[in-house]
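Take the sequence shown: its letters are residues 1 to 929, numbered as in our numbering. For each residue, glycine too, the CB sits at the ideal point set by N, CA and C. I have placed the structure first, in the form of structure tokens, so that the comments after it can refer back to it.
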Amino acid sequence: MIDKKVDFLPFRDMPWDDFERLVWELVQAVESLSPCHRYGTPGQAQGGVDIVGRAADGGWHAFQVKQVTRFTETNARKALDTFVHGPRPQGAARLVIVTSCRGTRTQVRDLAHDYQDRHPELALGEIWDAEHLGILLRSRPLIVARYFGDEAARRFCDHEALGELSCMESADGLVGPGIPLAAADPFGLEVHEAVTVDHTTDDGSLPSYFRRPFDDELGTAVDLVLTGRSVMRVLLGDSSTGKTRAAWEAIQRLPGGWRLWHPAGPGDLLDSIDLVAPRTVLWLNEINRYLLSGDTDRDEQVAGRLIELLRSARSAPVLVLGTAWHEHWSTMTTAPRDERAQTKALLVRCWIRVPEMLSEDELSTLTAEPERTDRRILQAARLAESGHVIQYLAGGPAQLERYETGSPAARAVLQAAMDARRLGHGLDLPHAFLKDAAAVYLTSLQRDLARPDWFLRAVEYLSAPCRGVRGPLTPAAGSSLPNSLEPSHYRLSDFVELHARRHRQMECPGAGFWSAAVRYAASARDKVALSREALARGRTKDAEALAMAAAEDGEGAALSMFALWLEEHDKDEDALSYFELAAEIGDAEARVVLAWRYERAQRLDEAERWYRKAAESSGRFDAAVGLASVLSQRGDDTPAAQLYEAVLDRGVFGARVVEHQARWLADQDQHERALNLATLSFQAGNSEAFTGLAWSYMYTDTPRAIEVFLHAIKAGDRNAPRELAWVYENEGDTARAEHFCEIAVSLGETNALRGLGMIRRSKGDHRSAAGLLWRAYNLGVRHALPELARLREEAGELKRAERLYWRVLQEGDPSAEQDLVRILETTGRTRQAEDLAARSAALLEVLARARAARGEREAAEQVLVPAIRQGNPNLLLPLAAIRRQCGDTAGAQLVLRQAQDAGVRFAAERLAEVEAESVRPEAVRDARS
Numbered sequence: 001m002i003d004k005k006v007d008f009l010p011f012r013d014m015p016w017d018d019f020e021r022l023v024w025e026l027v028q029a030v031e032s033l034s035p036c037h038r039y040g041t042p043g044q045a046q047g048g049v050d051i052v053g054r055a056a057d058g059g060w061h062a063f064q065v066k067q068v069t070r071f072t073e074t075n076a077r078k079a080l081d082t083f084v085h086g087p088r089p090q091g092a093a094r095l096v097i098v099t100s101c102r103g104t105r106t107q108v109r110d111l112a113h114d115y116q117d118r119h120p121e122l123a124l125g126e127i128w129d130a131e132h133l134g135i136l137l138r139s140r141p142l143i144v145a146r147y148f149g150d151e152a153a154r155r156f157c158d159h160e161a162l163g164e165l166s167c168m169e170s171a172d173g174l175v176g177p178g179i180p181l182a183a184a185d186p187f188g189l190e191v192h193e194a195v196t197v198d199h200t201t202d203d204g205s206l207p208s209y210f211r212r213p214f215d216d217e218l219g220t221a222v223d224l225v226l227t228g229r230s231v232m233r234v235l236l237g238d239s240s241t242g243k244t245r246a247a248w249e250a251i252q253r254l255p256g257g258w259r260l261w262h263p264a265g266p267g268d269l270l271d272s273i274d275l276v277a278p279r280t281v282l283w284l285n286e287i288n289r290y291l292l293s294g295d296t297d298r299d300e301q302v303a304g305r306l307i308e309l310l311r312s313a314r315s316a317p318v319l320v321l322g323t324a325w326h327e328h329w330s331t332m333t334t335a336p337r338d339e340r341a342q343t344k345a346l347l348v349r350c351w352i353r354v355p356e357m358l359s360e361d362e363l364s365t366l367t368a369e370p371e372r373t374d375r376r377i378l379q380a381a382r383l384a385e386s387g388h389v390i391q392y393l394a395g396g397p398a399q400l401e402r403y404e405t406g407s408p409a410a411r412a413v414l415q416a417a418m419d420a421r422r423l424g425h426g427l428d429l430p431h432a433f434l435k436d437a438a439a440v441y442l443t444s445l446q447r448d449l450a451r452p453d454w455f456l457r458a459v460e461y462l463s464a465p466c467r468g469v470r471g472p473l474t475p476a477a478g479s480s481l482p483n484s485l486e487p488s489h490y491r492l493s494d495f496v497e498l499h500a501r502r503h504r505q506m507e508c509p510g511a512g513f514w515s516a517a518v519r520y521a522a523s524a525r526d527k528v529a530l531s532r533e534a535l536a537r538g539r540t541k542d543a544e545a546l547a548m549a550a551a552e553d554g555e556g557a558a559l560s561m562f563a564l565w566l567e568e569h570d571k572d573e574d575a576l577s578y579f580e581l582a583a584e585i586g587d588a589e590a591r592v593v594l595a596w597r598y599e600r601a602q603r604l605d606e607a608e609r610w611y612r613k614a615a616e617s618s619g620r621f622d623a624a625v626g627l628a629s630v631l632s633q634r635g636d637d638t639p640a641a642q643l644y645e646a647v648l649d650r651g652v653f654g655a656r657v658v659e660h661q662a663r664w665l666a667d668q669d670q671h672e673r674a675l676n677l678a679t680l681s682f683q684a685g686n687s688e689a690f691t692g693l694a695w696s697y698m699y700t701d702t703p704r705a706i707e708v709f710l711h712a713i714k715a716g717d718r719n720a721p722r723e724l725a726w727v728y729e730n731e732g733d734t735a736r737a738e739h740f741c742e743i744a745v746s747l748g749e750t751n752a753l754r755g756l757g758m759i760r761r762s763k764g765d766h767r768s769a770a771g772l773l774w775r776a777y778n779l780g781v782r783h784a785l786p787e788l789a790r791l792r793e794e795a796g797e798l799k800r801a802e803r804l805y806w807r808v809l810q811e812g813d814p815s816a817e818q819d820l821v822r823i824l825e826t827t828g829r830t831r832q833a834e835d836l837a838a839r840s841a842a843l844l845e846v847l848a849r850a851r852a853a854r855g856e857r858e859a860a861e862q863v864l865v866p867a868i869r870q871g872n873p874n875l876l877l878p879l880a881a882i883r884r885q886c887g888d889t890a891g892a893q894l895v896l897r898q899a900q901d902a903g904v905r906f907a908a909e910r911l912a913e914v915e916a917e918s919v920r921p922e923a924v925r926d927a928r929s
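If you want it as structure tokens, here you go:
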């Protein structure tokens, strides 16, 4: 049977977004434009341009993509007029119209040539139709395979080009970002260099690898990608525990043809992630660089695009490998419920824990056959303290020893570097900043006695190698001061940085550190990060100075943050001027806040102006919805509806913003419009739209909340019967509550039983509550069990409650630990309570509060103080609360000042409360009582 070639590709059958992406890839391959990116987002005014790129001569070229069955003279005239007379992106002088039509009408080509004659300064005559696209694609099977499949590529593309499909190499180099895996350098991927033995150089560049149990989990991930699936894994462990080396060893199993891409940062990732080809390793060492960049919106965009990549059948298989410290992981995965939703969704169940130490069995295995063990590993196994073999290999202890034994000047420089990094400065620390800031860590006598070249001597000492690895502070690659051989920037070793994060949390640098940052911090983004930390430590003047310095560099985020802080502290008038300045600079959040304020004040012209600026500069959903709100208030319903539609088309996140607008309309008594928007939000995929609107009425207009839920049921909302059951139960209508609860259960919403049981428990109906909770548990609602345990505890049945809490814990739900610590402590089983509480800082707080409640203040403090010293500054707040309850106002103030220096959230507010009480004796007496 002859396998005939295909003459045309089915461009018109593709999803529109895929067609535009295909054209984007093809343009990069054919035109060699760099940069080249898709222009704007759906719903934005784009001036008739979908793709824009810069040629080697510096000129910009624009492409308009039309997925249509017919492209008429009228369509062409509109496209050409828009480009000729509109705002052309980057001043582009060439327009190419790309269509999915099989051919192009003569009248259309004649019209394009006519426009070219009338505008000789522009290039307007090109139209790429399906026939022309096919000509360009016949020699590019990788692009064809990515969008239409390997079989389509084999049947469509030229025979001599098909070799690319097997070797993943192409003449034009368009094989996706990255390099061949075989060409990757482990040290370029940030695998640590190892210590040397006796200064010899005959050992291999990397020690032989010693497999540990977690490597099996990583191997399973590689097995999955070899079956064609896309997989993500993050190796979780602190500095120098072997995360990056383990990832490197895992990918050595991948066959030829695989590529590796290590994006330089979040911007690089977002620019090129659409081009990732199948059989690519996406290397995200220190994943916090991409998901904790200081720009939450961009972090969420990165997470969302990674989720899309992992779900994309066209890109599979892809292996996404990351590493993370526990500190960063906690920040990424334990944000409040409404924050970092995309990041949390990306990281759920993808982590592999890397132990900090080798076990006794592993150490025995290493040393059992010394003649067969790499000499470096053998030395580390014999000399490393407490099983920290990997850290020893990376030279960590030697770096800390260099710090501990250094001169006052060397220690000052390193302390300035440590504080800068832990407070948010980027990797590269400027020479001028370190020199200026380090002086603050010296006494006046030490500064007076220092030699003129004290800083140069200090950095020379700190940058000297430690047992074959870099020193604790080393020159950044490729950096030097103008007209000098001195480095312009330095980098702190990550082992020393982690040491600083653990042991310097309670330290707040003096004023000179912050003023040095104002003058010399490396970038506006660094000033924003440091401004945030200054504000968290109560240093408002320093925070303001850094925010203004960032604004001078064109970054308004810190000003917005400072303005929000002023608002929270009832200084609205002062806040307005900072919002205005940030908005003028271009900060999208400030523009939205400013527009929102003007809208509430009915200054609609100013509101519209700022909403438009925010929408055009950032594409923020809340800006588009705010603009729609202003237009609606003016009676411009058609453009308002178009804006709402554009936001809703962007998926569930856009739909949630529309839901919030519906709630605001409800507050303004615009109930019909609110219900209409909530309905649109629900239809766009927001399953919580009606629930959010209805609960905004609860406690003020319950009948209307019920009406919303009844409307939601008719619209197909499966959540509504559950919510109605709870509303009716709260209103005392038991019959209706049970009726709608059964409807919810029949729809699979078995959590309705748990909620109903909790309400009845709160009303004292323990028997009925227990029945509902057991039924929920038996239907698979596991979190009904802790509610049952609490019910038994409230009923005074402590033994039954404790048995249930242990059962909850055995089923993998750690929420019962706090209850168990409390019960064990209050029933006199102190040793058991202490053993269980040792698992986390939160449990230690429960134990301390239980002891304080019995009047044992000293015992309570003995629980908290050691944990605080071991790196848990958040426990300073409960320590202060215990002292405050005991009437020790001075002690509470002392602890709260330490908490503020450590940047503990709410420490400043608690300190202000206590200080206010100290000048009002009657308030102190009230607190004691």
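Contact between the stretch 492-505 and the stretch 853-862 is absent, with fewer than three C-beta pairs closer than 8 Å. In this structure, the straight-line span from the alpha carbon of Leu462 to that of Arg376 is close to 23 Å.
Under the three-state reduction of DSSP, Gly396 is assigned to helix. Gln64 is not a Cβ neighbour of Asp81, given a cutoff of 7 Å. Residue range 296-311 is occupied by the alpha helix (DSSP H) that includes Glu300. Note on geometry: alpha-carbon atoms of His61 and Glu31 lie some 9 Å from one another. Taking C-beta atoms as the reference points, Pro472 and Gln391 fail to come closer than 7 Å.
Assigned with DSSP and collapsed to three states, Lys66 falls in strand.
Contact between Val647 and Val630 is absent: CB atoms are separated by about 14 Å, not below the 8 Å threshold. Cβ-Cβ distances below 6 Å link Phe513 to Ala437, Val440 in the same chain, with the five nearest sequence neighbours on each side left out; the list follows chain order.
The Cβ atoms of Ala837 and Val821 sit closer than 7 Å to each other. In the structure shown, Arg411 falls within a helical segment according to DSSP collapsed to helix, strand and coil. When secondary structure is reduced to three states using DSSP, Cys466 falls in the strand class. Boundaries of the alpha helix (DSSP H) around Trp514: 511-520. The residue among Asn730, Gln116, Val708, Ala420 with its C-alpha nearest the C-alpha of Val528 is Ala420. Ranked by Cα distance from Gln342, the first of Thr889, Arg305, Ile868, Asn676 is Arg305.
In this structure, DSSP gives Tyr611 a helical state, which the three-state scheme calls helix.
Judged by DSSP in its simplified three-state form, Glu126 adopts strand. Per the coordinates, the alpha-carbon of Thr99 lies some 7 Å from the alpha-carbon of Ala130. The beta carbon of Ser523 sits closer than 8 Å to the beta carbons of Gly426, Asp553 from its chain, once the five residues preceding and following it are set aside; these are given in chain order. Under the three-state reduction of DSSP, Ile287 is assigned to coil, being neither helix nor strand.
Here Ile135 is exposed: its Cβ has fewer than 16 other Cβ atoms, across all protein chains shown, within 10 Å.
Counting only the Cα atoms, Leu133 lies some 48 Å from Arg663.
Here DSSP, grouped into helix, strand and coil, assigns Ala324 to strand.
In the structure shown, His119 adopts coil according to DSSP, grouped into three states. Judged by DSSP in its simplified three-state form, Thr889 adopts helix.
Under the three-state reduction of DSSP, Gly692 is assigned to helix. Among the bridge pairs identified by DSSP, Arg353 is matched with Leu236. Taken atom to atom, the span from the alpha-carbon of Gln832 to that of Leu824 is near 7 Å. One alpha carbon belongs to Thr734, the other to Trp726, and they sit about 10 Å apart.
Non-local C-beta neighbours of Asn872 in its own chain, meaning closer than 7 Å and more than five positions away in sequence, comprise Ala841, ordered along the chain. Between the stretch 233-250 and the stretch 108-118 there are fewer than three inter-stretch CB-CB distances shorter than 8 Å, so the stretches are not counted as touching.
In terms of Cβ geometry, Leu275 and Gly176 form a close pair [threshold 7 Å]. In terms of Cβ geometry, His119 and Val96 do not form a close pair [threshold 7 Å].
Judged by beta-carbon spacing, Trp351 lies within the 7 Å limit of Val234, meaning their Cβ atoms are closer than that value.
The beta carbon of Leu434 lies closer than 7 Å to those of Val413, Ala416, Ala417, Tyr490 in the same chain, with the five residues before and after it left out.
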